[in-house]
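Q: When the letters of the sequence shown are read in order and numbered with numbering that gives the first Met the number 0, they come out as residues 0 to 104.
Ideal Cβ positions, reconstructed from N, Cα and C, are used throughout, including at glycine.
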Amino acid sequence: MKYTISEIPQKELAKGINGKYIHTKHNTIGFINIDKDAVLPAHSHIHEQTTQIISGKLEMTIDGVTQILEPGAITVIPSNVVHSAFALTDCVVTDTFYPIREDYK
Numbered sequence: 000m001k002y003t004i005s006e007i008p009q010k011e012l013a014k015g016i017n018g019k020y021i022h023t024k025h026n027t028i029g030f031i032n033i034d035k036d037a038v039l040p041a042h043s044h045i046h047e048q049t050t051q052i053i054s055g056k057l058e059m060t061i062d063g064v065t066q067i068l069e070p071g072a073i074t075v076i077p078s079n080v081v082h083s084a085f086a087l088t089d090c091v092v093t094d095t096f097y098p099i100r101e102d103y104k
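Written out as structure tokens, the structure reads:
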């Protein structure tokens with residue numbers, strides 16, 4: 000199946016954080032735009048997650064460890080681990096979740 004990102008409906012995750020999601024048989028893939036200074040509050044979920052930075056500079060805290068992610072960086076967030084983020088600049092990221100995020104359908 001072919002998708003066009005500009006045609007995928009947008010979902011607001013938090014103020015200044017908007018995602019567009021597709022779902023495969025086993026994964027959810029998100030194309031996320033994050034405004035500078037936006038905050039993703041600390042949370043956890045059953046899904047294993049990878050976050051790839053396409054553009055911008057994102058501060059992420061995963062299991063109490065804070066790191067600055069820049070273009071080309073990919074981080075892995077294990078299942079049920081608390082994580083949060085703060086956008087140091089406008090950012091574009093790609094998130095992949097396993098299993099599927101039913102709450103994002």
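#1: How far does the beta strand (DSSP E) with SER78 in it extend, from its first residue to its last?
#2: Kindly indicate which residue of PHE96, ILE33, ILE99 and ILE53 has the alpha-carbon position closest to the one of LYS14.
#3: For MET59 versus THR49, is the C-beta distance shorter than 8 Å?
#4: Please work out which residues of its chain come closer than 8 Å, Cβ to Cβ, to ASP89, disregarding the five sequence neighbours upstream and downstream, and give them in chain order.
#5: Could you tell me whether the region 22-30 touches the region 87-103, using the rule of 3 or more Cβ pairs below 8 Å?
A: Considering the structure as presented:
#1: Per DSSP, SER78 belongs to no beta strand (DSSP E) and is neither H nor E.
#2: ILE33
#3: no
#4: ASN32, ILE33, ASP34, LYS35, SER54 and GLY55
#5: yes
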